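Student:
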Ligand code: NAD
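In this note's numbering, the protein residues as written are 16 to 399.
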């Protein structure tokens, strides 16, 4: 057995931890690029803390899931201001832009040199600038992953820039920051976390370290997603979802994902839809198709037993079958009021192009079984 495991240099977890960001920033650099979401209120608080440490700062705001243009605008601003470190506070969209900025402050190539699938996919040569990543959603775990997901408007696809050198220096995971997330975003981001844990667990690239993380993360997500959705002030549920999100990031960065993320990447590039909502909608159908394809083509695959284990974890029943697991996911998605894919304007006419792109996606390579074009069409028809 051989495996590697890489993560942020230091992970700080707990309610209120983000309030002491100044302590970590002290050794960060001279001028920080602070990336945040729509509101600049969070920047104001961080700027004050940085000033106390004698660190100047510049602000960049990320309004939605980022395009390559968004990331480039951030890089340009950071380079012009001669920033030497980065702080990202926001959802996965913000964290990912921060990662690209940190990487391109020290690596002088163009973004397209490093992008997978649509770019040259060249490796980074230098460590990214020091980066503090602070998530405000419980979903992506991007604070501990080694990639940034960017949408290419030109190619209508979402692709990654990926390198172990992109791992943040500090990941500060403070569940308090997620208390303000509204129910529909709690639902979509929480389903992203759950899907990442499940796909990494059944992936053929899983290893004993990611396995333990996935089991623990799935238990937290299964027990807390609905309570956090139903009552955003449930601090125990928020904490458990923040933990599940962090664990999902640790798992995906060190194992691979699967067909849900393989399809969600291109779909997110072609249609305006929250990443996690797409993942949740596809998940039960991909689970069912993977199980049936494994039973027919690879009946000895260890992933089959893993689907049963997932079912036992999420239902809490010792005799649960893989089908019980699928039913649990389907019921949960119904309570979370997840829309069908047709609500985003997707039609059968889009399937061909979606599938062509999905088959090239890096996540697809982690799926426990290679799905045929006909099987992918069936999944999309069911999720439509
Ligand atoms: P997001 O960052 O796009 O945020 C979703 C919405 O929630 C936004 O409107 C944002 O303003 C709002 N929001 C964020 N925090 C809030 C808070 N505390 N209170 C109220 N509103 C808040 O969503 P996300 O799901 O966190 O990130 C999605 C992005 O991350 C996608 O682009 C996806 O492809 C990417 N992603 C990256 C990785 C990775 O490893 N790099 C993994 C999974 C997904």
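The beta carbon of each residue, even a glycine, is placed where N, CA and C say it ideally should be.
All of these numbers come straight from a predicted model, not from anything done at the bench.
Given a threshold of 16 other Cβ atoms within 10 Å of its Cβ, counted over all protein chains shown, does residue 43 qualify as buried or as exposed?
Tutor: Counting Cβ neighbours within 10 Å, residue 43 comes out buried, since at least 16 surround it.
Student: Sorry if obvious, but does the Cβ on residue 287 come closer than 7 Å to a heavy atom of the ligand NAD?
Tutor: The answer is no for residue 287.
Student: Would you tell me roughly how many angstroms separate the C-alpha atoms of residue 140 and residue 162, rounded to the nearest one?
Tutor: Roughly 15 Å between the two C-alpha positions.
Student: How would you write the range of the alpha helix (DSSP H) that residue 58 sits in, first residue to last?
Tutor: Unbroken alpha helix (DSSP H) run through residue 58: 56-67.
Student: If I'm right that residue 284 touches residue 172 with Cβ under 8 Å, what's the distance once you round it to whole angstroms?
Tutor: Between residue 172 and residue 284 the Cβ distance is about 4 Å, and since that is below 8 Å, they are a contact.
Student: In chain order, which alpha helix (DSSP H) runs of at least 4 residues are fully inside the segment 299-371?
Tutor: Taking only runs of at least 4 residues, the alpha helix (DSSP H) segments lying wholly in the segment 299-371 are 317-330 and 337-350.
Student: Please list, in chain order, all residues of the same chain as residue 94 whose beta carbon is under 8 Å from its beta carbon, the five residues on each side excluded.
Tutor: Around residue 94: 119 and 120.
Student: Just reading off the alpha helix (DSSP H) that residue 45 is part of, what are its end residues?
Tutor: Where residue 45 is concerned, there is no enclosing alpha helix (DSSP H), given that its DSSP letter is neither H nor E.
Student: Taking the C-alpha atoms as reference points, what is the distance between residue 250 and residue 227?
Tutor: Cα to Cα, residue 250 sits roughly 24 Å from residue 227.
Student: I'd like to confirm the pairing. Which residues does DSSP put opposite residue 103 in its beta bridges?
Tutor: DSSP lists 50 and 148 as partners of residue 103.
Student: Out of curiosity, what's the CA-to-CA distance linking residue 335 and residue 390?
Tutor: Roughly 26 Å between the two C-alpha positions.
Student: Regarding residue 50 and the ligand NAD, is the C-beta to nearest heavy atom distance less than 7 Å?
Tutor: Because no heavy atom of the ligand NAD lies under 7 Å away, the Cβ of residue 50 does not count as near it: no.
Student: Mind reading off the beta-carbon distance from residue 351 to residue 117? Whole number of angstroms is fine, and I expect it under 8 Å.
Tutor: So it is not a contact: roughly 33 Å between Cβ atoms.
Student: Specify, as a first and last residue, the run of the alpha helix (DSSP H) that residue 123 falls within.
Tutor: Run containing residue 123: none; DSSP gives neither H nor E here.
Student: Look at residue 384 and residue 313 and say whether their C-beta atoms are less than 8 Å apart.
Tutor: Yes. Within cutoff.
Student: Measuring CB to CB, does residue 208 end up less than 8 Å from residue 154?
Tutor: Against a cut-off of 8 Å, the Cβ pair of residue 154 and residue 208 comes out as a contact.
Student: In the DSSP output, which residue or residues are listed as bridge partners for residue 97?
Tutor: In DSSP, residue 97 forms no bridge with anything.
Student: If we require 4 or more residues per run, which alpha helix (DSSP H) segments fall completely within the segment 186-270?
Tutor: Correct list: 198-217, 223-245 and 250-269.
Student: Taking residue 303 as the reference, which of 394, 280 and 193 has the closest Cα?
Tutor: Closest by alpha carbon: 394.
Student: Measure the alpha-carbon distance for residue 212 versus residue 374 and round it to whole angstroms.
Tutor: Approximately 21 Å, taken between the alpha carbons.
Student: Near residue 386, which residues of its chain fall below 7 Å by C-beta distance, leaving aside the five closest residues on each side in sequence?
Tutor: Only 274, 304 and 308 meet the Cβ criterion.
Student: Pull the bridge partners of residue 172 from the DSSP assignment, please.
Tutor: Partner(s): 167.
Student: Could you please give the first and the last residue of the uninterrupted alpha helix (DSSP H) stretch that includes residue 397?
Tutor: Element bounds for residue 397: 388-398.
Student: In whole angstroms, what separates the C-alpha of residue 277 from that of residue 80?
Tutor: Answer to the nearest angstrom: the Cα atoms are 17 Å apart.
Student: Contact between the segment 84-100 and the segment 45-58: three or more CB pairs below 8 Å?
Tutor: The segment 84-100, when compared against the segment 45-58, does touch it at the 8 Å Cβ threshold.
Student: When the Cα atoms are used, what is the spatial distance from residue 267 to residue 224?
Tutor: Between residue 267 and residue 224, the C-alpha separation is close to 12 Å.
Student: Just confirm the distance between the C-beta atoms of residue 230 and residue 328, as a whole number of angstroms; I'd bet it's less than 8 Å.
Tutor: At roughly 6 Å, the Cβ-Cβ gap stays under 8 Å, so residue 230 and residue 328 are in contact.
Student: Closer than 7 Å to a non-hydrogen atom of the ligand NAD - does that hold for the CB of residue 80?
Tutor: It does: the Cβ of residue 80 is within 7 Å (strictly closer) of some heavy atom of the ligand NAD.
Student: Taking three-plus beta-carbon pairs below 8 Å as touching, is the segment 181-193 in contact with the segment 22-40?
Tutor: Yes: at least three Cβ pairs fall under 8 Å.
Student: Which class does residue 177 belong to by DSSP, given the choice of helix, strand or coil?
Tutor: Strand.
Student: Hey, residue 68 and residue 96: beta-carbon distance below 8 Å or not?
Tutor: Not in contact: residue 68 and residue 96 (Cβ atoms no closer than 8 Å).
Student: Check whether the Cβ of residue 157 sits closer than 7 Å to any heavy atom of the ligand NAD, and report yes or no.
Tutor: Result yes, Cβ under 7 Å from the ligand NAD.
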